[in-house]
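> First the structure, then my questions, so here it is.
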Amino acid sequence: MTIRASIRAHRAPRPDHDGGAPAALVFEGVTKHYGSAVGVESLDLAIPAGELVTLIGPSGCGKSTTLRLAAGLERPNAGTIRVAGDVVADRRRFVYPEQRRVGLVFQDYALFPHMTVAGNVEFGLDRLGRGERRARTGEVLDLVRLSHLADRYPHELSGGEQQRVALARALAPRPAVVLLDEPFSSLDESLRAQVRRDTVATLKEAGTTGVLVTHDQTEALSVGTRVVVMRGGVIEQADTPEKVFEQPATRFVASFMGDADFLPAKVHRPC
Ligand code: ADP
Ligand code: MG
């Protein structure tokens, strides 16, 4: 299938949860340097509630830094980050990860090996009473269709099942936004498409805003309601998949996101 056909075939419309609500995640002029290395530079990005945004760019362009800043695993050098309207990081304030309404799914899932599936999911719900914790765990395990494996340990699960546990754990505390950092890259090619479909369907069913980092162009264009293309710590384009593919904002986006050919041209009569 061509990339263009894939954009149309796979992309499920997501409900608009915006309705005047604040954006789920906002970066305003956010900079993060690691010594002399640039993580991100003056990043401006607003992710409306209910969207599934894909973040793509070459290795080292700042994708993981962006997610880590949103999650509170890094402190910005400058700028403001808001989650669901609340400032979580600026010059004065820094809200710790567990107090931000942000869920995280890493590439390696980072499940606790000594805890069962249910134990892993319950872990982030310590503020709830025992009964509520059980009920919520049951609900999200149903959502990812893993209720029958609640008593298994992570090593007794397939890669795809482990990924679903990680997603359930991230969704359990009802975060304002779920951040997924290359969540499918350690799966076999054969599993990848199915797990990707399941993950997108689950996020949609939960009505959760998502930011998904990927290095796969087709994945970025087919899954995202918006696609953010980064290079060297800055955003080159943030747009609908159609626009990114058909009207790339820069030469870099054109060559990175599509099979572009460049022809030298002169404008004689500007319109
Ligand atoms: P991506 O996820 O897009 O591959 P990262 O956000 O991980 O990129 O990294 C962006 C830049 O910041 C890279 O140049 C990387 O080497 C640098 N970087 C990331 N984390 C650290 C760190 N903890 N210490 C030093 N440099 C880092
Ligand atoms: Mg990364």
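Throughout the sequence shown, residue numbering follows this note's numbering, covering 27 to 297 in sequence.
Glycine included, every Cβ here is placed at the ideal spot set by N, Cα and C.
For clarity, every value in this text was computed on a predicted model and none was experimentally measured.
Can you give me the Cβ contacts of L78 inside the same chain, cut-off strictly under 7 Å, excluding the 5 residues immediately before and after it?
Only R40, V226, L229, G236, L238, V249, G250, T251 meet the Cβ criterion.
> Do you know whose CA, among G155, V64, T80, Q263, lies nearest L205's CA?
With distances taken between Cα atoms, L205 lies closest to T80.
> Once DSSP output is grouped into helix, strand and coil, what is the label at R257?
The answer is strand: DSSP assigns R257 an E or B state.
> Taking the beta carbon of L289 as the centre, do at least 16 other beta carbons fall within 10 Å, making it buried, or is it exposed?
Under this definition L289 is an exposed residue.
> Enumerate in chain order the residues of its own chain whose CB-to-CB distance from D214 is below 8 Å, with the five nearest sequence positions on each side excluded.
Correct list, in chain order: G185.
> Closer than 7 Å by C-beta to P123: which residues in its own chain qualify, once you throw out the five before and the five after it? Chain order, please.
Excluding positions up to five away in sequence, the list reads A97, G98, L99.
> Could you name each continuous alpha helix (DSSP H) segment of 4 residues or more that falls completely within the stretch 190 to 258, going from the start of the chain to the end?
DSSP runs (the alpha helix (DSSP H)) wholly in the stretch 190 to 258: 215 to 232, 243 to 249.
> Just to be sure I understand the criterion: a residue counts if its Cβ is closer than 7 Å to at least one heavy atom of the ligand MG. Which residues meet that?
The filter returns K89, S90, D207, E208, V239, in chain order.
> DSSP on V79, reduced to helix/strand/coil?
Residue state, collapsed to three classes: strand.
> Given a cut-off of 9 Å, decide if T234 and P201 are closer than it, judged by their beta-carbon atoms.
Cβ distance < 9 Å, so P201 and T234 count as in contact.
> Just the Cα atoms here: how many angstroms apart are A75 and A50?
Cα to Cα, the separation comes out at about 5 Å.
> Is there contact here, the stretch 155 to 172 with the stretch 186 to 197, by at least three beta-carbon pairs under 8 Å?
Yes, the stretch 155 to 172 is in contact with the stretch 186 to 197.
> So does the stretch 262 to 279 actually touch the stretch 103 to 113, counting three or more Cβ pairs closer than 8 Å?
No, the stretch 262 to 279 is not in contact with the stretch 103 to 113.
> Return the residue from the list E54, P102, A176, V203 that minimises the CA-CA distance to G61.
Closest option to G61, Cα to Cα, is P102.
> Would the C-beta of A264 count as close to the ligand ADP, meaning under 8 Å from any of its heavy atoms?
Because no heavy atom of the ligand ADP lies under 8 Å away, the Cβ of A264 does not count as near it: no.
> Would you list, in sequence order, the uninterrupted alpha helix (DSSP H) runs of no fewer than 4 residues that lie entirely inside the stretch 68 to 148?
Listed in chain order, the complete alpha helix (DSSP H) runs (minimum 4 residues) inside the stretch 68 to 148 are 89 to 97, 143 to 148.
> So for G155, helix, strand or coil by DSSP?
If DSSP states are grouped into helix, strand and coil, G155 belongs with coil.
> Does the distance from the C-beta atom of E208 to that of R222 stay below 9 Å?
Not in contact: E208 and R222 (Cβ atoms no closer than 9 Å).
> For the alpha helix (DSSP H) containing F53, list its first residue and its last residue.
Run containing F53: none in the alpha helix (DSSP H); it sits in the beta strand (DSSP E), 51 to 60.
> Helix, strand or coil: how does DSSP classify A10 here?
There is simply no residue 10 to check, as the chain begins at 27 and stops at 297 in what is shown.
> Just mark T276 as buried or exposed, buried being the case when its beta carbon has 16 or more other beta carbons within 10 Å.
So T276 ends up on the exposed side.
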